[in-house]
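Following: one structure in structure tokens, then a few remarks.
There are 2 protein chains.
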Amino acid sequence: MEGNDVDAVFKALSDLSRRQLLDRLFAQNGQTLGELCRQMDMTRQAVSKHLAVLEEARLVVTVRRGREKLHYLNPVPIGEIYERWIGKYERHRVQALNELKRALEEEHHE
Amino acid sequence: MEGNDVDAVFKALSDLSRRQLLDRLFAQNGQTLGELCRQMDMTRQAVSKHLAVLEEARLVVTVRRGREKLHYLNPVPIGEIYERWIGKYERHRVQALNELKRALEEEHHE
DNA sequence: TTGACACGCAACCAGATAGTTGCCTATTCT
DNA sequence: AGAATAGGCAACTATCTGGTTGCGTGTCAA
């Protein structure tokens, strides 16, 4: 079967705004909610919700510092997605492409 | 920026049923709608919709054979996701982990 | 201590999504 | 030709999702 929290990670990654947030953290790690908001063209609450989703999927880990909340990338879940899921398909890339080619050719001069 | 159809691929992958369909095709490529339905515990129409989403994201390519529709995996989009997106994060895996560790430690003996 | 700042919580809303049912079309088999 | 099979289309429904507004709480600085 699938790893148990694979679903949360895929769901978290399925939204453009959340991928952008990851990109912002990739550009500069450890940013506060406020800093991330200034780059995001939506209300603070919306950004906060997105970050909560990312945190739930453990793609982001937070640290409180006084009244601020610092957000850090956690590379582990993406690594697991690659190892357990994407890698599996990548390893059969050539085979799948050949099967596909053959099917399309047979169709054409049927 | 992101590749233009990255979003469709991530959205397609965000649903468990669709990932299961990809797994079924991974186990046996070139299956018909009917064959896939028998393994999926939902109506044929629901499965058909899921396959349409996968086709829209070009994760699956179809070939008509008479009244049947054969479904084949297309490995290209997943490869692109890896190359352009996942790989970027994987390459900075160790660095991100170190930043995270340091932040968590500073918090503890603050 | 008072005000400003950083963030959290909850209610609400519109549109997307995942599923259903019902019916129609096209192909194959006898 | 007629029945059975494989699939497509459309309408409908319930829930999920991404966003908003409004207000409350904790922390810092003057």
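Respectively, the protein sequence lines represent chains A and B. 0 is the number of the first residue of the first sequence in numbering that gives the first Met the number 0; add one for each residue after it. 0 is the number of the first residue of the second sequence in numbering that gives the first Met the number 0; add one for each residue after it. Every residue, glycine too, gets a C-beta built ideally from N, C-alpha and C.
Under the Cβ criterion (8 Å, minimum of three pairs), the segment 12 to 23 of chain A counts as touching the segment 46 to 65 of chain A. For tyrosine 81 of chain A, no alpha helix (DSSP H) encloses it, and the DSSP letter there is neither H nor E. Look at leucine 20 of chain A here: in three-state DSSP terms it is helix. Neighbourhood of leucine 69 of chain B in chain A, by CB distance below 8 Å: Ala102, in chain order. Going by DSSP, histidine 49 of chain A is part of the alpha helix (DSSP H) stretching over 43 to 55. In the DSSP assignment, leucine 12 of chain B falls within the unbroken alpha helix (DSSP H) covering 5 to 12. The C-alpha of glycine 78 of chain A lies about 10 Å from the C-alpha of glycine 86 of chain A. Considering only A:Leu103, A:Leu69, A:Arg83, the residue with the shortest C-alpha distance to leucine 35 of chain A is A:Leu69.
Proximity of chain A to arginine 92 of chain B at the Cβ level (cut-off 7 Å) is accounted for by Pro74, Gly78, in chain order.
What serine 13 of chain B touches in chain A, judged by beta-carbon distance under 9 Å, is Asp6, Phe9, Lys10, Ala11, Leu12, Ser13, Asp14, going in chain order. In the three-state DSSP reduction, glutamate 1 of chain B falls in the coil class, being neither helix nor strand. The Cβ-Cβ distance between proline 76 of chain B and valine 8 of chain B falls below 7 Å. Residue state for leucine 72 of chain A is assigned as strand, using DSSP reduced to three classes.
Where arginine 64 of chain B is concerned, the enclosing beta strand (DSSP E) starts and stops at 59 to 64. Per the coordinates, the alpha-carbon of tyrosine 71 of chain B lies some 9 Å from the alpha-carbon of leucine 96 of chain A. Annotation: leucine 58 of chain A to aspartate 40 of chain B spans about 31 Å, alpha carbon to alpha carbon.
The beta-carbon of leucine 99 of chain B is placed less than 7 Å from the nearest beta-carbon of chain A. Relative to leucine 99 of chain B, the option among A:Ile80, A:Gly65, A:Thr61, A:Thr31 whose CA is nearest is A:Thr61.
In this structure serine 13 of chain B is in contact with lysine 10 of chain A, their Cβ atoms being roughly 5 Å apart against a cut-off of 8 Å.
Under the DSSP assignment, arginine 90 of chain A falls outside any alpha helix (DSSP H); it carries neither an H nor an E label. Just measuring C-alpha positions, the residue of A:Gly2, A:Glu89, A:Gly29, A:Arg92 sitting nearest arginine 101 of chain B is A:Gly29. Taking 7 Å as the threshold, the shortest C-beta distance from alanine 95 of chain A to chain B falls below it. Across the set B:Gly2, B:Val5, B:Glu1, B:Phe25, the C-alpha of B:Phe25 shows the shortest separation from the C-alpha of tyrosine 88 of chain A.
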